[in-house]
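> Residue numbers (full-length UniProt numbering): 1 to 716.
I have a structure here, written as structure tokens, and I will follow up with some questions on it.
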Amino acid sequence: MQVRARYRPHPRGFGFATPVAADGITAVELTGTDADGAARPFDSAFVPPPVASGFVADDLVEATLAFDDKGASVTEMSLVARARRMLVGRVQQGPGRLVLEPDPSLGGGWIRLDPSLAPRLQTALGRQIVVLLVDDEDGAPVGRALVAGPHVVGSPQAVRAAAVVVALGRAAPGLVPGGASAAGLDPATTEATHTRVVGLLAGGGRGGAEGLAVDGHVPGAGLEVVDRTDEVCVTIDDAGARDLDDAVSARWNGDDAPVELAVHIADAAGTVAIGSPADLYARTVASSAYLASGANAPMLDPALSEDALSLLPGVERRVLSVRFDVSAAGELGAPRLELATIRSAAKLTYAAVEGWLDGERAGVDRLAGDRTDEVGPVLDAIVETARRLGVERDTRTTFEDLFAPVEVGPAVVDGKLTTVVAEPHAAAYRLIERLMVAANEQVAGWLVANDVPALYRAHVGIDPDRRERLRAAARLAGAVVPSLGVSGAADDAAEVTAAEVTAADENAVVADVLAEVDRLAAEGRTEDRDLLVAAATSSTARATYEPDPSAHQGLAAAAYCHFTSPIRRYADLTVHRQIRAVLAGGRAPLTVDDLRGLAVWIDHRAGAINFLQARERGDLWSRLLDRGFLDGPEPAVVTGLTTNGLRIRLPRIGVSGFVTAERALDLPPRERGRLEVDEHGLTTTSGPWRLGTAIEVRFVGLDDTGRANWRLGHAR
């Protein structure tokens, strides 16, 4: 049997081939026939090391399959198309030539290097490089040009380069459903831009936004601009932030009087024209990238994002503003949108505002300078607004407060890897976050009320595929969750069908679970509470962009959009353009159908940026751990159980990991272990662990792929 499939390598040298539909992307389940004529459904086929050698992650392949009692396996495989054009790995000495040993997540075996690279790599054995791939006449990959490196493996530069190539490669244009054309981009140009950006970022650069032209059609070009330069407003951000895209002004007469809030957002849509080179680049990358190792990669030219559009203090800037009142009870008045000009009175920092919240005025006074007397009342009104919004948010039912905050994160300071407090000014950050969330929600409501096509942020809350697991966890914890048919009775399993569980009201499920979390805690049933919390937090779905307004269950919002960061996110820039056109009395430039393809594109491209940042952070942690950051046991939580071991998370440092069954069971060397687990991965009969169990773990070392190995804290 022959199938078309996408190849996925395993660090141990073998791989898997996932059958795909005619688009070459969508995974499908097929049915084959074994030697006895029996039907064998499968959605993945095992690729043994000899067949896997020379193939790269995400290759589109033609695979010949065979079937046995273990399932489908690939006997032959040939290349159809290669999505990735960059490869990262280590320089090694092969038979008579230098070769590349690719990052284990990208492929196995050795990749040939063009002989022209040899003079530059003779002293680079064991070091990491990034190369541009070409295919030889047989479809085998060849490293043609040196893009980044050589770097010492594990150095911040090497960590960044590997994270860039691995993460951005998985959202190569050919791997996004609908491709670049569905987002209104030319496929060939977009492929070239993507490859160039991966190379620039891997080499420590800032990307390719600099100097791109912005001329062309601007929606709402004739829109009246309201002069708000006499209104006192401030920006609040990190001390080193340069792309200041939001400012806030507020007026409050005290006591229960409503606060008049205005959130001003940089008018990027009034400068970057649709279809201009700057716009096409921003659409291609979809988001700015903020990295620990080396320079950030802005979506827009730094001359715009960090200067001409940035809401710097004391200079006049054009903004798109949303204005609304906030009552004493936290209720929001009707939003009013306008194009305006402002002049920020001060660039405040989270540290200064945190001090203000604690009664220390010195930081704000220093930054506000001779405008302190004007800034003070505005900041008081902003603080009161956030307090009111917090009261209102506390009435909403979400799992938001169940997630434990990370305390420590990796950082590169003056080229050296170290650690910093993850959120050093959490209270000030939450203050601004509440205002921005309210602004996004208000704008989404305005878009719906005015029937404006837009990119909405949709979140179904609990993943439909994980509801049954959440129900099983509630039963195991002895919880009472009526909306999921869990009453505490022994025969709960017979009370509700799977279809009814899937159809259960989202708000009712969340409310029931939160009530049980509180009850179990009050009764001192800590282990049952931890089980239910772990199941709830791991059941949430991923938020997506959609052209149709729908609820954002994660924020308990009827409609939600991204409006507050058009300098950093293309979705926000798109929303601004739609608003500008409608405010000017015209039609929005993009239809619902236009937005549908764009939404898929942004989900994948911006999602790859998020994965890049997470991958870099995880790899930096691996290096810190290897240098002895943890010299003893560290608290961890079991986040899943498999036959192969325990999935864990170390909440203090935000690191996820794995304890093998062999280490969990404390078996002798070379003895294989296995855990007997239930169908939902909630509990095991092989030990005392279940989902949510609090344990202690010790760092063992890094494996061959650079990932951290863990064992239980009591083991020696």
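A virtual CB, placed ideally from N, CA and C, is assigned to each residue, including glycine.
All values derive from a computational prediction rather than experimental measurement.
Would you mind stating whether V443 and C561 have Cβ atoms separated by less than 8 Å?
Contact: yes.
> Between which residues of its own chain and S53 is the CB-CB distance below 7 Å, once the five residues before and five after are set aside?
G108, G109.
> What whole-angstrom Cβ distance do M299 and V285 have, given they're in contact under 8 Å?
Correct: roughly 6 Å between the Cβ atoms.
> In its own chain, which residues sit with a C-beta less than 7 Å from the C-beta of A581, not counting the 5 before and 5 after it?
Excluding residues within five positions, the ones whose Cβ falls inside 7 Å are P219, G220, R587, A588, P589.
> Just checking my contact of A541 with D463 at CB under 8 Å: how many whole Å lie between their CB atoms?
With 8 Å as the limit, A541 and D463 qualify as a contact, their Cβ atoms being about 4 Å apart.
> Counting Cβ pairs, one atom from each stretch, are 3 or more of them under 8 Å apart for the stretch 442-457 and the stretch 369-377?
No, they do not touch.
> So what's W710 in DSSP terms, helix, strand or just coil?
Residue state, collapsed to three classes: strand.
> Just curious, the beta strand (DSSP E) that N132 is in, first and last residue?
Correcting the residue identity first, residue 132 is Leu in this sequence and not Asn. From DSSP, the beta strand (DSSP E) with L132 extends over 128-135.
> Taking the Cβ atom as the reference point for each residue, do L133 and L87 lie within a distance shorter than 8 Å?
In contact: L133 and L87 (Cβ atoms closer than 8 Å).
> Tell me, please, which residues DSSP counts as bridged to residue 753.
Residue 753 falls outside the range modelled here, since the chain spans only 1 to 716, and no answer is possible.
> Looking only at its chain, what residues have a beta carbon closer than 7 Å to the beta carbon of V3, apart from the 5 residues adjacent to it on each side?
P19, L30, A63, L65, listed in sequence order.
> Name the residue from L470, G96, S155, F55 whose alpha carbon lies nearest to the alpha carbon of R84.
Taking only the C-alpha atoms, the option nearest R84 is F55.
> Taking Cβ to Cβ, would you say D215 is nearer than 8 Å to S116?
Against a cut-off of 8 Å, the Cβ pair of S116 and D215 comes out as no contact.
> Please determine, among H151, V152, T26, I129, the residue with the shortest C-alpha to C-alpha distance to R144.
R144 has its Cα closest to that of I129, out of H151, V152, T26, I129.
> Between the beta-carbon of R707 and the beta-carbon of V408, is there less than 8 Å?
Against a cut-off of 8 Å, the Cβ pair of V408 and R707 comes out as no contact.
> Count the other CB atoms, across all protein chains shown, that sit within 10 Å of the CB of G330; report buried if there are 16 or more and exposed otherwise.
The residue in question, G330, is buried, as its Cβ has 16 or more Cβ neighbours within 10 Å.
> With 16 as the cutoff for other CB atoms within 10 Å, does S181 come out buried or exposed?
By the 10 Å Cβ count, S181 comes out exposed.
> Measuring straight from C-alpha to C-alpha, what distance separates F563 and L337?
About 12 Å.
> For H576, does the three-state DSSP call read helix, strand or coil?
Three-state result, H576: helix.
> Across which residues does DSSP place Y7 in a beta bridge pair?
A17.
> What does a CB cutoff of less than 7 Å around A183 pick up in its chain, not counting 5 residues either side in sequence?
Answer for A183: R283, G597, L598, W601, listed in chain order.
> Would you identify the three-state DSSP class for P410, choosing helix, strand or coil?
Strand, per DSSP.
> Check whether the stretch 260-280 touches the stretch 171-181, counting contact only when three or more Cβ pairs, one atom from each stretch, lie closer than 8 Å.
The answer is no - the stretch 171-181 does not touch the stretch 260-280, with fewer than three Cβ pairs under 8 Å.
> Using beta-carbon positions only, say whether V322 and P335 come within less than 8 Å of one another.
Against a cut-off of 8 Å, the Cβ pair of P335 and V322 comes out as a contact.
> L667: which of E634, A295, L712 sits nearest, CA to CA?
Of the candidates E634, A295, L712, the one whose C-alpha sits nearest the C-alpha of L667 is L712.
> Distance, Cα to Cα, G13 vs R160?
The alpha-carbon atoms of G13 and R160 are separated by roughly 24 Å.
> Span of the beta strand (DSSP E) holding M77?
Its beta strand (DSSP E) spans residues 71-81.
> Among all the DSSP beta bridges, which residues are the ones paired with G657?
I648, per the DSSP bridge assignment.
> Counting Cβ pairs closer than 8 Å, one from the stretch 152-168 and one from the stretch 618-633, do we hit at least three?
Verdict: yes, contact present.
> Could you tell me which of R605, T639, L682 sits nearest to F403, measuring between CA atoms?
Selected option, being the one with the closest Cα: T639.
> Can you give the beta carbon distance from P104 to P11, rounded, assuming they're within the 8 Å contact cut?
Yes, they are in contact, since the Cβ atoms of P104 and P11 sit about 4 Å apart, within 8 Å.
> Leaving out five residues before and five after E523 in sequence, what residues of the same chain have Cβ atoms less than 8 Å from its Cβ?
The answer is none, since no qualifying residue turns up.
> Between V232 and V413, which are expected to be in contact by the criterion C-beta below 8 Å, what is the C-beta distance as a whole number of angstroms?
Contact flag wrong, Cβ pair sits at about 35 Å.
> Going by alpha carbons, who is nearest to T705 out of L98, P102, L624, I648?
Comparing Cα-Cα distances from T705 to each of L98, P102, L624, I648, the minimum goes to P102.
> To which residues of the same chain is Y281 closer than 7 Å at the C-beta, ignoring the five residues directly before and after it?
For Y281, where only same-chain residues beyond five positions count, the Cβ hits under 7 Å are T193, G208, A209, L212.
> Using the Cα positions of S287 and G607, report the straight-line distance between them to the nearest angstrom.
The alpha-carbon atoms of S287 and G607 are separated by roughly 9 Å.
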